[in-house]
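Protein chains in written order, with this note's numbering: chain A, 112 to 378; chain B, 5 to 266.
What follows is a short report on a single structure.
Here's what the structure looks like:
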């Protein structure tokens with residue numbers, strides 16, 4: 112199933128800009144993401160990709176432009192309507208962001224508890240299903256501090272998909288994990304998109320997962336979109352930014368070092 | 005200089021606005037939450053009540069007990085000169101109930117529960133847990149603050165009642181033990197002069213202090229910025245600001261009761 116050609120975008124950004132403390136973090140971004148695809152936003156640290164994700168999921172209100180989720184302009188509707196739309200989102204955080212005071216089971220149960228009227232027994236069953244989906248059956252009673260980082264991330268994923276959301280946002284899903292667990296997470300993301308027909312938006316700079324799971328890729332630099340394309344298009348692109356990024360070269364148009372403001376002047 | 009003062013004033017106003025907004029948010033969820041089926045679970049409120057209330061019992065007991073003892077000895081020192089030692093009983097009871105027990109209990113709870121709340125919420129904030137709640141469209145104010153607010157609102161008055169009793173007990177031990185007042189007479193004098201309004205003005209203070217502690221701790225916690233250092237700063241700020249506001253509110257409420265002759 113290649114969803115790229117379907118007509119209606121699930122997420123649509125129109126000329127979105129956001130400025131933090133006089134620094135333009137998102138610069139006039141327009142983007143369409145279609146149903147069922149795995150869309151990857153890649154870019155260097157500080158390029159504004161995480162902010163872009165948070166603009167899409169209704170956390171950060173942009174200064175200019177519009178964000179449409181299924182044709183609803185989410186920053187120009189009531190807070191309550193936005194909260195209702197957000198119930199169709201799942202989000203996996205970079206550091207999992209599980210609630211420390213609750214067990215694994217309670218963490219996964221939280222969205223179900225809050226947003227559904229399901230009986231406790233049914234919620235218990237759903238938790239078991241979601242945890243077995245991420246391979247963590249038997250860890251229900253553990254606290255987040257008692258399990259490893261990779262497991263926490265998988266619990267975070269179970270929580271993100273607890274309500275069977277339409278869209279799942281992943282903020283650096285593989286960072287800080289060993290390659291094997293990273294691969295497991297990548298596989299989970301891919302499986303979820305395929306099995307549950309979820310739209311996935313992934314922010315990452317892990318090249319292995321970029322080319323492993325993406326249907327389409329957007330490269331972000333200094334808050335602006337450099338290019339959007341399929342993995343093949345991106346790999347074959349002659350855009351110097353993309354080539355530098357995917358090959359991880361220190362020299363190129365992406366300047367790691369600030370232009371010579373001069374060490375001498377610092378003295 | 006002027007710009008610096010102006011900046012400070014603006015910062016205070018912003019802070020006040022933020023606290024006001026949080027208070028109105030909490031009150032909104034307490035009043036309308038039950039109709040939307042979005043009231044915090046009883047379990048969470050009980051959890052907080054146990055933490056803020058039950059676990060403070062021993063501390064409050066000792067603080068007020070020893071204050072009662074000290075108060076009895078200090079007043080006996082004065083009253084002995086006038087041969088009116090018996091009035092130690094009523095003096096201890098009235099000043100504990102009206103003033104000392106609410107304020108001391110408020111300070112103890114602010115130092116113990118308030119700081120813990122600020123640190124917990126601050127940590128949740130810097131580790132994205134608050135944001136996670138928000139993306140799950142669970143309102144953080146409703147989910148985190150309402151239960152803590154209600155718990156302190158209910159538990160501080162309870163602790164103050166305990167404090168009143170332990171203060172009177174402290175005075176009783178000094179009065180009967182070292183001042184040789186007949187125990188029956190001591191208790192009689194205590195309750196002759198202690199009126200019901202002395203107790204309930206103290207409890208009104210307790211309710212206000214409880215609200216102040218919860219509100220400031222939640223606000224500072226949820227507005228924590230920047231890592232572990234930020235959590236430390238939020239904790240300190242919550243304790244310091246609660247202390248100041250408790251004393252200030254105590255002054256205002258006392259003045260109100262004094263001038264309105266209630």
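All residues carry an ideal CB built from backbone N, CA and C; glycine is no exception.
Buried versus exposed call for residue i [16 or more other C-beta atoms within 10 Å across all chains shown]
i: residue 21 (chain B); result: exposed
i: residue 137 (chain A); result: buried
i: residue 306 (chain B); result: Summary: the structure shown does not reach residue 306 (chain B), with chain B confined to residues 5 through 266, and so no result is reported for it.
i: residue 327 (chain A); result: buried
i: residue 343 (chain A); result: exposed
i: residue 82 (chain B); result: exposed
i: residue 101 (chain B); result: buried
i: residue 126 (chain A); result: exposed
i: residue 15 (chain B); result: exposed
i: residue 360 (chain A); result: exposed
i: residue 153 (chain A); result: buried
i: residue 267 (chain B); result: Within the shown structure, residues of chain B are numbered from 5 to 266, placing residue 267 (chain B) beyond reach of any answer.
i: residue 263 (chain B); result: exposed
i: residue 138 (chain B); result: buried
i: residue 135 (chain B); result: buried
i: residue 280 (chain A); result: buried
Residues near residue i by beta carbon distance below 6 Å, same chain, minus five either side
i: residue 132 (chain A); result: none
i: residue 304 (chain A); result: 149 and 311
i: residue 264 (chain A); result: 207
i: residue 63 (chain B); result: 112
i: residue 11 (chain B); result: none
Within chain B, partners of residue i - CB distance below 8 Å
i: residue 160 (chain A); result: By Cβ distance, chain B contributes nothing, its closest Cβ being about 16 Å from residue 160 (chain A), past 8 Å.
i: residue 288 (chain A); result: What residue 288 (chain A) touches in chain B: nothing, since even the nearest Cβ is about 17 Å away.
i: residue 221 (chain A); result: 140 and 142
i: residue 283 (chain A); result: Per Cβ cutoff of 8 Å: no residues; residue 283 (chain A) is ~12 Å from chain B at best.
Residue i versus residue j: straight-line alpha-carbon distance, rounded
i: residue 226 (chain A); j: residue 201 (chain A); result: 13 Å
i: residue 169 (chain B); j: residue 218 (chain B); result: 25 Å
i: residue 312 (chain A); j: residue 149 (chain A); result: 6 Å
i: residue 241 (chain A); j: residue 309 (chain A); result: 15 Å
i: residue 201 (chain B); j: residue 130 (chain A); result: 57 Å
i: residue 113 (chain A); j: residue 155 (chain B); result: Low per-residue confidence applies at residue 113 (chain A): pLDDT is 46, beneath 50, and the placement is therefore not dependable enough to give any value.
i: residue 267 (chain B); j: residue 189 (chain A); result: Lying before the first or after the last residue shown, residue 267 (chain B) is absent from chain B, which here runs from 5 to 266.
i: residue 365 (chain A); j: residue 231 (chain B); result: 29 Å
i: residue 91 (chain B); j: residue 182 (chain B); result: 15 Å
i: residue 218 (chain A); j: residue 30 (chain B); result: 23 Å
i: residue 33 (chain B); j: residue 133 (chain B); result: 20 Å
i: residue 261 (chain B); j: residue 173 (chain A); result: 50 Å
i: residue 222 (chain B); j: residue 272 (chain A); result: 29 Å
i: residue 270 (chain A); j: residue 148 (chain B); result: 19 Å
i: residue 175 (chain A); j: residue 195 (chain A); result: 23 Å
i: residue 97 (chain B); j: residue 248 (chain B); result: 25 Å
i: residue 259 (chain B); j: residue 209 (chain B); result: 12 Å
i: residue 122 (chain A); j: residue 192 (chain A); result: 16 Å
i: residue 248 (chain A); j: residue 205 (chain A); result: 22 Å
i: residue 401 (chain A); j: residue 257 (chain A); result: Nothing about residue 401 (chain A) can be reported from this structure: the residues present for chain A run from 112 to 378 only.
Same chain, Cβ closer than 7 Å to residue i, neighbours up to 5 away in sequence not counted
i: residue 260 (chain A); result: 287 and 288
i: residue 108 (chain B); result: 67, 68, 71 and 167
i: residue 115 (chain A); result: The predicted model places residue 115 (chain A) with a pLDDT of 47, which falls under 50 and marks its position as unreliable, so this point remains unresolved.
i: residue 299 (chain A); result: 245 and 268
i: residue 77 (chain B); result: 178
i: residue 321 (chain A); result: 151, 153, 315 and 328
Contacts that residue i makes with chain A (C-beta to C-beta distance below 7 Å)
i: residue 34 (chain B); result: In chain order: nothing, as chain A lies at least about 17 Å away.
i: residue 131 (chain B); result: 206 and 208
Cross-chain neighbours of residue i in chain A, by beta carbon under 9 Å
i: residue 135 (chain B); result: 165, 170, 202, 204 and 208
Sequence-distant residues of its chain with Cβ nearer than 8 Å to residue i (five each side left out)
i: residue 157 (chain B); result: 211, 214, 215 and 218
i: residue 362 (chain A); result: 355
i: residue 37 (chain B); result: 43, 44, 146 and 150
i: residue 256 (chain B); result: none
i: residue 23 (chain B); result: 219, 220 and 223
Interface partners of residue i on chain B, CB under 7 Å
i: residue 198 (chain A); result: 141
i: residue 194 (chain A); result: 141
Residues that residue i contacts on chain B, provided the C-beta gap is smaller than 9 Å
i: residue 232 (chain A); result: Chain B residues near residue 232 (chain A): none, gap ~17 Å exceeds 9 Å.
i: residue 217 (chain A); result: Chain B residues near residue 217 (chain A): none, gap ~11 Å exceeds 9 Å.
i: residue 344 (chain A); result: None at all; the shortest Cβ gap to chain B is about 31 Å.
i: residue 251 (chain A); result: Residues of chain B passing the Cβ test: none, with the nearest at roughly 18 Å.
beta-carbon residue i near the ligand ZN non-hydrogen atom, thresh 7 Å
i: residue 130 (chain A); result: This structure simply doesn't include the ligand ZN, nor any ligand for that matter.
Contact the region 183 to 192 of chain A vs the region 242 to 258 of chain A: 3+ CB pairs below 8 Å:
no
Can we say the region 147 to 162 of chain A touches the region 323 to 342 of chain A, given the rule of at least three CB pairs closer than 8 Å?
yes
Can at least three beta-carbon pairs, one atom from the region 182 to 201 of chain B and one from the region 225 to 243 of chain B, be found at a separation below 8 Å?
no
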